[in-house]
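Going down the list, the sequences are from chains D and U. One point on numbering: in UniProt numbering, the residue at position 27 of the first sequence is 27, and numbering is uninterrupted. One point on numbering: in UniProt numbering, the residue at position 68 of the second sequence is 68, and numbering is uninterrupted. Report on the following structure.
2 protein chains.
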Amino acid sequence: MDDHPMILEGLKSLLQSDTTLEIFTFTKGEAFLDFIRGNTVDLVLLDIVLNDGSGLNFCKTIKKNWPKTVVIGISNQAERSIIFQFLQNGANGYILKNADAQEIINCIQDALNGKVAFSNEVQQIILSQPHDALAIPKLTKREKQILTAISSGYTTPQIAEMLFVSPMTIETHRRNLLQKFKAKNMIELVRIATEYKLL
Amino acid sequence: MDDHPMILEGLKSLLQSDTTLEIFTFTKGEAFLDFIRGNTVDLVLLDIVLNDGSGLNFCKTIKKNWPKTVVIGISNQAERSIIFQFLQNGANGYILKNADAQEIINCIQDALNGKVAFSNEVQQIILSQPHDALAIPKLTKREKQILTAISSGYTTPQIAEMLFVSPMTIETHRRNLLQKFKAKNMIELVRIATEYKLL
DNA sequence: TTTGTTCTACCGGTTTACCGTGATATTTCA
DNA sequence: TGAAATATCACGGTAAACCGGTAGAACAAA
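As structure tokens, then:
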């Protein structure tokens, strides 16, 4: 399933060489859900559009209701944090769109055989940095709220007024945020959070 | 030209219906440059990978040496600022990858007829906001250098030491940066710069 | 009910950021 | 070669950020 007609076409023509596969393509999540309710689906190639995070949630939905269905993410995004986010939602594999045909077919076969499948480049990314930045700091609602306000340029006293709490409280949250991200100051933190797609 | 085999396949199968077109595909810029030096190229569909900005430069190169060649950008990026950056480099049109087949074909025909061609969604994006954020602030080398350091969490005295200049100088640059972006403080500026893909 | 998490709040202190208003080199390019 | 643009440095002041430590109240889950 992909919302890009071009990519759908390309995938189809790549995969049609394998005659053991029966292929259906969808551009909308609802249409696919209708389909899977009435059919057995072995494998889903799911395009990850990260802007809104809908791909993540969709993966979670599929794995929750049809855990036997293999889900492989396809994306241009080559960021570590994104890949892990997707895997944490139950995905069976992750492929970058610049992978070549054979690579993609191999990954699909591996995934169908119960393995966790990555394209070569993804493999490298996963192995690149050790376990340091592996975990994305988890923010509470309040922290997200405050971080958003900070990233918009609001100062501590301003945010305190907006949220009807003491400036001291905001300061405490700030310090907790800096600690969680191991950032030197809010400027660095905002850059990191933006890279992690948290803002 | 695209570095995604899948997308290349898709485009080819979409465009092959039009028999008046002769189609070649390239995944590397050099290979294409070799080709265009020995052949007349009417139209180039150029994938914009914005991470490194190479697509932008490539467009500029083509239009500089072969101004008659029509260049259309293809991208997933739907951001205003990016589209304008590309058009400022001489592009004849801009298409999002989620455009459907007919839309793409129409754009190509329009572009070949001398029009500036946008896919529907791009059109909407261009018309969405008035001319306020149309211009991306232009930064000097020094300013980029300092902004990068700031976004990495370095303070004014630290940066001054790194660049062997007075802290006062760094402060001046900071104030110029804030003015150029009309930002309240550096935190907001870093967020804006990140959104504009300047960092 | 107890443990754990989150949200709240405070003190005292140092450092950094930001503002207004200047000025003088250095480089770039027409 | 001269006008722009860019880079450099400065004073004096206010506001905000950051640091270390502390701790009660609200809430949810075990």
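For glycine and all other residues, C-beta sits at the position ideal for the given N, C-alpha and C. Remember, it's a predicted structure, so these values are computed and weren't measured experimentally.
Contact set for residue i: own chain, Cβ-Cβ below 6 Å, skip 5 residues either direction
i, result
"U/Phe181", "Pro137, Leu189, Ile192"
"D/Ile170", "Thr156, Ile159, Ala160"
"D/Met168", "none"
"D/Leu139", "none"
For residue i, three-class secondary structure by DSSP
i, result
"U/Ser13", "helix"
"D/Ile95", "strand"
"D/Leu87", "helix"
"D/Ser151", "helix"
"D/Ile159", "helix"
"D/Asp132", "Because D/Asp132 sits at a pLDDT of 43, beneath the cut-off of 50, its placement in the model cannot be relied upon, and the following sentence gives the value as read from the coordinates. DSSP places D/Asp132 in helix when its eight states are reduced to three."
Own chain, CB closer than 8 Å to residue i, minus 5 neighbours either side, in chain order
i, result
"U/Asn120", "Ala99, Glu103"
"U/Tyr154", "Met162"
"U/Lys63", "Thr69, Val71, Asn89, Gly90, Ala91"
"U/Gln145", "Leu163"
"U/Trp66", "Ile36, Val41"
"D/His173", "Arg142, Glu143, Ile146"
"D/Asn185", "Leu178"
"residue 201 of chain D", "An answer regarding residue 201 of chain D cannot be provided, because it is not within the stretch 1 to 199 covered by chain D."
"U/Leu199", "Leu147, Thr148, Ser151, Val190, Ala193"
Residue(s) in a DSSP beta bridge with residue i
i, result
"U/Leu189", "DSSP output for U/Leu189 lists no bridge partner at all."
"D/Leu43", "D/Val70"
"U/Ala31", "Its beta-bridge partners do not exist; DSSP assigns none."
"U/Phe118", "U/Tyr94"
"D/Ser166", "According to DSSP, D/Ser166 bridges with nothing at all."
Any chain U beta carbon closer than 8 Å to residue i
i, result
"D/Arg191", "yes"
"D/Met162", "no"
"D/Thr61", "no"
"D/Met186", "yes"
"D/Gly114", "no"
"D/Ala111", "no"
"D/Ala183", "yes"
"D/Ala133", "Reliability of the predicted coordinates at D/Ala133 is poor, the pLDDT of 44 falling under 50, and no value is obtained from them."
"D/Ser13", "yes"
Under 8 Å between C-beta atoms of residue i and residue j
i, j, result
"D/Ile72", "D/Asn92", "yes"
"U/Ile187", "D/Ile150", "yes"
"U/Ile74", "U/Leu46", "yes"
"D/Ala160", "D/Ser166", "yes"
"U/Val116", "U/Leu96", "no"
"U/Asn76", "D/Asn76", "yes"
CB contact check: residue i to chain D, cutoff 8 Å
i, result
"U/Lys180", "no"
"U/Ile150", "yes"
"U/Gly153", "yes"
"U/Gln120", "Correcting the residue identity first, residue 120 of chain U is Asn in this sequence and not Gln. Closer than 8 Å: no."
"U/Thr194", "yes"
"U/Asn76", "yes"
"U/Ser166", "no"
Nonlocal neighbours in the same chain, by C-beta distance under 7 Å from residue i, ignoring five residues either side
i, result
"U/Leu112", "Asp42, Leu43, Val70"
"U/Ala183", "Leu189, Ile192"
"D/Phe86", "Ile48, Leu56, Cys59, Gly73, Tyr94"
"D/Gly38", "none"
"U/Asp110", "Ala117"
beta-carbon residue i near the ligand GTP non-hydrogen atom, thresh 7 Å
i, result
"D/Cys107", "Of the ligands one can find in the structure shown there are none, so the ligand GTP has no counterpart to examine."
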